[in-house]
Every structure is written in C-alpha cells, then in structure tokens.
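Counting from 1 along the sequence shown, just add 84 to a position and that's the residue number in the numbering used here.
Glycine is no exception: its CB is placed at the ideal position from the N, C-alpha and C atoms.
Note sheet for the following structure.
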Amino acid sequence: MAFIKTYKPCEAYLGWLRIFSLTLSLSFFVFFFACSKPDNVIDEPTNGYQAEIQMLDSLAVVLSENFNSEKFENVVAQVRELTEADTLSPLYAYGLMYMGWFHANFQRYGPAETYFTRAYELAAEHQLWQLEIKMAPIAMLMFTNITREEKAEQLYQRLLELRLEHPFDLRQKYLFDISQAFWFYHQNRMAEALELLLGAVPYFERENDTFYISNIYNAIGLTLSQTGNTEEALKWFEKTLVRQYQQRDVQNIARTLNNLGNIYRLQNDHHRAIDSLRSAKAINLENGRHLSVIRNYYNIGMSYNLLEKWNEALDAFRQGTALSVEHGLTPGIVFNQYGIASSFYQMGAEPEETLEILYDLAEAMESSGIMANALTTYRMLHELEEGIGNYEAALKWYKRYHEQVLEVDVRERDLSIENVLIQNQLEREKAENVFLRETIELKRQAEYYFIIVLLTLLVLTAVAVGFLVYFRYSSRELESVNGQLLEQSRSIAEQNKQLENLAQERQRLINVIIHDLRNPLSVMESAEELMDPYDPDSCVEMKTILRLSSEKMRNIVNSLLTVFEAESSDIRSEMSEIAVDAIVRQVIEEYRPQAEKKNMQINSRLEAFTTLTHDMVFNNIISNLLTNAIKYANPDTVIEVDLSMTETNWVLKIRDSGQGFAQNEKDKVFSLFAKLSSQPTAGESSVGVGLYSVKISTERLGGRVELNWEYTQGAEFICTFPLTEISVPQAELFQKLS
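The structure is reproduced here in structure tokens:
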C-alpha cells in the first residue's frame, strides 16, 4: 500500500502524458497553415489551379473558426467536389493532403493516415515539394501520434531529401526545423528538439506571427515538462495562454489548460490542477473532441487520487472508460482502467476485488501493447498476491516487474541525460541573454558619452585651440578607461562562466551517479526480501540478481572514480622512467582471457623502449582502449596492438574489426556519457566514460588521441605522446648500463 503513495506522482501517468502530448502538439500545429498567406505557398507547377488552392486555404480557415461535426462534413464535401474531378492532376494531390489535414485535426486518425500516405506519394510524383514541406509538421506528428514509426521515419527521410534538393526560403526552413523537432521529440532526443524549437521562435517573433509563436511556445513547454523542467515549462505555457486569449483561440486554450493542469499536479498544487482540467474538459465537451475529453477525465482522476478523494477519482475514471468504449479508443480504456485499479489499491479495497481488476488490466495492456503503466501494475499484482500467500503468482509478477524496471531504467537514464543537456542549453541561453543585455547597456552608455563629448566639443569650438586639444585628449582618455572597464567586465564574465560550468558539471555527475546507483540498489533490496532460505532455487536466482546488481554498481563507481582522478590529479611529480612496452604486454595478457571468451585473438607489435611517463595513467589508457575493442568488436576477429617510436614521438595504436563509428558521431566519440550507435556484441554493460577517460588521461601525459576515420573495417585509435630527453630504445639503455 505504501508503494503507491510514495511513488513519484508523474510515473503513474507518464505514459498517458507521452501519448497525448503528441496529440496536443499535433492539434497545436494543424492550424499553422490556415493563417498562412496564399502568396507564400503557390509558386510550384500547379497548372493553373491557384484559385482552387486558395479556396482550400479558405476552407481551412472556415473550419478552424468553429469546430463541429456538421461544419466538418460540409467542408470535406466541398474539398471532394473541388478536387476529385481529375485524379491525375496536381490539384487532386492537394485535395488529399487537405483531407488528411482536416481528419487529423478532428482526431479521425484512420482516414487521416490513408489520405496523407496517398497524398505524399502523388505530391512526389508531381514534384509539389512546397506542399510536402507545408504539411510536414501535421503529417509527422500524426504518424508519430498513432505509433506508425515506419511511416514517420519514411517522411523524415523524405524531408531530408527535400532539404538537400531544394533551396528553402526562411519560412520553409523553419517549417522543416519544426518537423525535425517533432521527430527528435518522438525519439526521446529532447535537447535537440528543444534547440530547434527555440531557434524557430525569433523568426516568427520578427514576423509578428502570433499564431505560430503561441503554438511553438506550447510545444517548448511540452518538451521541457517531459524532462522534469516544470518551472521553465510553466513559464512557456503561461505565455502561450496569454496569446491564445488574445486570439480567442478556444480549442488551443483548452489544450493549454490541460497542460497547465498537469504541471500544477507535478508541483503538488492539486486543487488548482483540477480547476484547470475541468475548464479544459468543458471546452472539449462543447466542441465534441472525445479524445481530449477522455484525457481530461484521466488527469482529473489522477489529481483526485493524489488528494485521496477516491470516490471522485473513480467517478472520473469510469466516465473516461465509458466514453473510450463508446468511441473505440483503446488507449483511453487502458489508462482509465489503470486509474480505477490504482484507486482500489490505494483505498485498501478487498485484495480479491482489486486483483480481478488488475488481471483484466494486465491482459488489456499486453494485448494492446500499451505498457506505459506496466511497472506499477506488476508491482501491485506482486504485492497483493504475496499478501494473500500466493507466492508462486507473486514471483511470476515480480519477474515481470523486474523486466519493466530494466526497461524503465534505460528510458529514465536517457531522459536524465537529455535533462542535463537541456539544463546546459537553458543556462547557455540565459548567459547569452545576460551578455546581450550587457552589450546593449554598454552601447547605450557609449552613445550617451559620445553625445556628451560631441556637444561639449561643439560648445567649446569657439574657445582657443589649446582648449580644443585638451578636450580631444580627454576624450581619448575616456575611451581608454571605457576600454579597460569593458576588458575587466569581459574577464569577470568569463571567470563567472567558468565557475558556473564547473558547478553544472559537478551537479550533472552527481545526478548521473544517483540515478545509475538507485536502480541496482532497488533490485538488490527487492531480491533480498524475496529470498527464501528454504528454497535453494530461489536462493540461487536471487543471489544471481544480487551479484549482477553489485557488479553494475561497482562498474559505475570505478568508471566515475577513474574520470574524477583523471581530471583532478596532478601527475607531473609522479612521472618516472618506465618501459612502456612492458606495461602494454602486461595489460594484453590481463585481458587475453576476456578476448578468448569471444574467440578473439590479440596480436601485438611492440617496440621496446623507455620513456618518462606515469605507469597508472598509461595503464588506464591501454586498458580502456583494449576493453572497448573486446566489447564492441565482433567474435572470431583479431585485435591489433602496435607500439612504436618516431623521431619526435612514440605512438600506441589499437585496431579492431568491429562496428566502428558513424560519420555524424565525430563530435561525440570522446564526450562524457555520449550516446553512440555502436552496441556491445555480447550484451556487456557500458557506462559511457571510457573514451572520455582515455582523452583526459592522454592529454595529462602531454599527448593526443584520435580516431582514424579513414579505417572503415572497425575502429582504430591512435595515441601520440611526445618523446622526452631520456626516451631511448631499451636495447641501447641496456648496453649503456652494461
């Protein structure tokens, strides 16, 4: 019972928010082009259909002014009459595209998918690329919203082709950026999505396009809320609401009120959340938007749950379920049924009654594939079955719960990293704004002083030449002082920025440590509770779980300690004359058994010599590179290690026949916690600090590390270190000693 009450509130409805946040964004942008000027969109080969296309735009405006079923059917009939006379003409492609737009906006996703699919095929045949770009944000969101990942990816690739083939004007460029932002959002690449959305804001603000500004603000708020930045998200939603009230955009007001309700709930302001959600529900009921009403019911019920008002919560969930059944909306059924089950569980209903609801819910989730709340559902089933003594069923549900824990761990880690990136991005934007304000202020002061000096010179022109020379000298002195002040100001700003970056980096590492250690600890605690000392099989299974979890924690801690030591320690006084070939040979033998498990060979060509270096730091470099090669290379391949000297340097090369790196990952290979395309070939764990540690350690030794991008059969890392005065071949050294 305590689990549900102490569980993070956002996790109980995170999946529902994720599904419907795309619905919100889609609805935000389906009206984008209703307010566009026809002159901006008709300059492609439409063979004299400009008047008909302008009529289609006018119908879009009519439909957006007052949304209801009767007007929808009337507009659809006019589009068909206008465009279906000749199915081979470019106008027919326009008609299909607008039909997809209208159906998507009215939440009729089945027909919308059909219309958009055929429309994009015909648009490509007739080379109507501007039409494709115009409808891209709507179509992209529609496909991602109904989980048609393959079609969404096809459309995204098509947009990339159009971007390369055609010269976009500014408006088309930012429409493309918005579409790309929605694709990144769907891929959980929140930081990249936010960067594109923020980049589009200044253009539409300069154009004073309040409609675009309002909807982009809302999309930015959704992106921030997905990564837990509720305060920042609230600011964008409030700015959105102001613009929507100015435009009297009733439907978008309802959507923003729903978003605000979710933010208030995350901030534990549940009464305010309920008021906002009720207002949104009333508007959606009036406009017949059933999917939005179902979402409102679910959010209201979850708010009542957090207030422990069970009857009100159950009433909202049951109304949402009934409406979902009436309109055949499976997500609404699954999420509202989850709300009913969680209410019964938290209010302490009879276990048998709650179990019956939970079993029906588990079956519905697995049959529909909507697993957003599976973690909590399996946990409740496990605890209830254990509470009534049904240990076999409890173990079954615990295993499913553990599987979900691992999946949620990956998603939460991705969102945690995205949140760190977004925080850095927001801080950078704030710093840029501060710098801009300071620059404007300095410019204003400079202009003020310039005017003062100019007036003074004009007044004193009649004075003797000596006074004129004196004032000119004073002016130069003033400029010199201003220059010194500006330089001091820049120096202070740079120092402050460095301090802020250090603080942010420290906090980011702490966040990652806490996040990565939390789940192994949770798994270890749960395994210890479930261990039955009288059941040998149970003991073996739970000991295995404990061992794997402890290994995961040890790997995380060791990797981060390596990074801390590499970044903070001063090794100059600890360097000594060392035979580096002996260190390389020792590390190879240490990891050879690990390579043999994957049937790999390690071949080495090591030139014997001695140089001034740090044995532990160099050991860390070769260990990390060799471990990476074993982890990411394919089985039954060869790893080559080469150590040699040149006239000015000594070089370490490690080459494998693995997956290599994508060209677009050049800037991320040596970054901390970078997400790269390569995956371990035997399911090994990866913390994401190895190559970063190699880079830091190599630079500490005065060298540099690089990836040979010309080698395409795997990966080849090259570490180059400077020769010192005592660096001599080992054979020559032995000869001198003898």
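Tell me the rounded alpha-carbon separation between residue i and residue j.
{"i": "Glu-561", "j": "Asn-313", "result": "49 angstroms"}
{"i": "Thr-171", "j": "Glu-749", "result": "45 angstroms"}
{"i": "Gln-138", "j": "Leu-180", "result": "15 angstroms"}
{"i": "Val-725", "j": "Gln-264", "result": "42 angstroms"}
{"i": "Thr-198", "j": "Gly-184", "result": "8 angstroms"}
{"i": "Ala-223", "j": "Glu-768", "result": "39 angstroms"}
{"i": "Lys-759", "j": "Gly-774", "result": "12 angstroms"}
{"i": "Thr-796", "j": "Val-722", "result": "15 angstroms"}
{"i": "Leu-143", "j": "Lys-218", "result": "16 angstroms"}
{"i": "Ala-400", "j": "Ile-230", "result": "25 angstroms"}
{"i": "Thr-405", "j": "Asn-420", "result": "6 angstroms"}
{"i": "Ala-207", "j": "Arg-676", "result": "58 angstroms"}
{"i": "Glu-410", "j": "Pro-719", "result": "55 angstroms"}
{"i": "Ala-161", "j": "Arg-202", "result": "19 angstroms"}
{"i": "Glu-661", "j": "Ser-575", "result": "40 angstroms"}
{"i": "Cys-623", "j": "Gln-488", "result": "22 angstroms"}
{"i": "Leu-823", "j": "Gly-385", "result": "Here the chain has residues from 85 to 822 only, and residue 823 is not among them."}
{"i": "Leu-282", "j": "Asp-261", "result": "10 angstroms"}
From the DSSP output, in three-state form, read off residue i for me.
{"i": "Trp-734", "result": "strand"}
{"i": "Arg-574", "result": "helix"}
{"i": "Ser-755", "result": "coil"}
{"i": "Ile-297", "result": "helix"}
{"i": "Ile-472", "result": "coil"}
{"i": "Val-547", "result": "coil"}
{"i": "Asn-712", "result": "helix"}
{"i": "Asn-302", "result": "helix"}
{"i": "Arg-739", "result": "strand"}
{"i": "Thr-804", "result": "strand"}
{"i": "Asp-726", "result": "strand"}
{"i": "Leu-375", "result": "helix"}
{"i": "Val-789", "result": "strand"}
{"i": "Ala-717", "result": "strand"}
{"i": "Ala-746", "result": "coil"}
{"i": "Leu-108", "result": "With a pLDDT of only 45 at Leu-108, under 50, the local geometry of the prediction cannot be trusted, and the value read off the model is given with reservation. Helix at Leu-108."}
{"i": "Ala-799", "result": "strand"}
{"i": "Gln-579", "result": "helix"}
{"i": "Phe-113", "result": "In this prediction, Phe-113 has a pLDDT of 46, which is less than 50 and means its spatial position is unreliable; nothing more can be read from the coordinates."}
{"i": "Val-159", "result": "helix"}
Return the chain-ordered list of same chain residues with a C-beta closer than 6 angstroms to the C-beta of residue i, the five sequence neighbours on each side being excluded.
{"i": "Asn-124", "result": "For Asn-124, the predicted model reports a pLDDT of 38, less than 50, meaning its position is unreliable and no value from the coordinates is stated."}
{"i": "Ser-761", "result": "Ala-746"}
{"i": "Arg-327", "result": "Thr-294, Ser-298"}
{"i": "Ala-477", "result": "Glu-469"}
{"i": "Phe-266", "result": "Met-224, Leu-225"}
{"i": "Leu-344", "result": "Phe-321, Ser-360"}
Counting only the same chain and skipping the five closest in sequence on each side, list residues whose C-beta sits under 7 angstroms from that of residue i.
{"i": "Thr-324", "result": "Ser-298, Tyr-301, Asn-302, Gly-305, Thr-340"}
{"i": "Ile-347", "result": "Ser-309, Thr-314, Ala-317, Leu-318, Phe-321"}
{"i": "Ile-472", "result": "Pro-435"}
{"i": "Tyr-287", "result": "Leu-254, Tyr-258"}
{"i": "Arg-192", "result": "none"}
{"i": "Val-778", "result": "Ile-705, Asn-708, Leu-709, Val-789"}
{"i": "Val-163", "result": "Leu-140, Leu-143, Gly-179, Tyr-182, Met-183"}
{"i": "Ser-452", "result": "Thr-414, Val-418"}
Out of the options, which one is the CA nearest neighbour of residue i?
{"i": "Ser-408", "options": "Gly-432, His-374, Ala-433", "result": "His-374"}
{"i": "Pro-764", "options": "Leu-791, Glu-794, Ala-713, Ile-802", "result": "Ala-713"}
{"i": "Leu-756", "options": "Arg-739, Ile-780, Tyr-329, Arg-689", "result": "Ile-780"}
{"i": "Pro-825", "options": "Tyr-182, Ala-207, Leu-206", "result": "Examination of residue 825 is not possible in this model, given that the chain is present from 85 through 822 alone."}
{"i": "Arg-669", "options": "Leu-465, Phe-693, Leu-166, Asn-346", "result": "Phe-693"}
{"i": "Thr-460", "options": "Tyr-482, Val-285, Tyr-475", "result": "Tyr-482"}
{"i": "Ala-364", "options": "Val-377, Glu-658, Lys-715, Asp-353", "result": "Val-377"}
{"i": "Leu-246", "options": "Tyr-204, Thr-228, Met-274, Ala-277", "result": "Tyr-204"}
{"i": "Ser-426", "options": "Leu-413, Pro-415, Ile-337, Leu-442", "result": "Leu-442"}
{"i": "Lys-752", "options": "Tyr-776, Leu-439, Ile-686", "result": "Tyr-776"}
{"i": "Glu-396", "options": "His-187, Phe-186, Ile-424, Asp-444", "result": "Ile-424"}
{"i": "Leu-570", "options": "Thr-628, Val-543, Leu-526, Asn-703", "result": "Leu-526"}
Whose C-beta lies closer than 8 angstroms to the C-beta of residue i among residues of the same chain, with five residues either side of it excluded?
{"i": "Phe-805", "result": "Thr-695, Thr-697, Asn-733, Trp-734, Val-735, Leu-736, Thr-782, Leu-785, Gly-786, Gly-787"}
{"i": "Asn-474", "result": "none"}
{"i": "Leu-390", "result": "Pro-93, Arg-349, Asn-352, His-354"}
Which runs of the alpha helix (DSSP H) at least 4 residues long sit entirely within the segment 163-197? Give them in chain order.
174-189
Which complete alpha helix (DSSP H) runs does the segment 323-353 hold, if anything under 4 residues is left out?
334-350
Mind listing, in chain order, the continuous alpha helix (DSSP H) runs of no fewer than 4 residues lying wholly within the segment 247-300?
254-270, 274-290
Taking only runs of the beta strand (DSSP E) that begin and end inside the segment 642-706, which ones reach a length of at least 3 residues, in chain order?
660-663, 685-690, 693-697
Taking only runs that begin and end inside the segment 396-468, name each unbroken alpha helix (DSSP H) of 4 or more residues, in chain order.
414-430, 435-452
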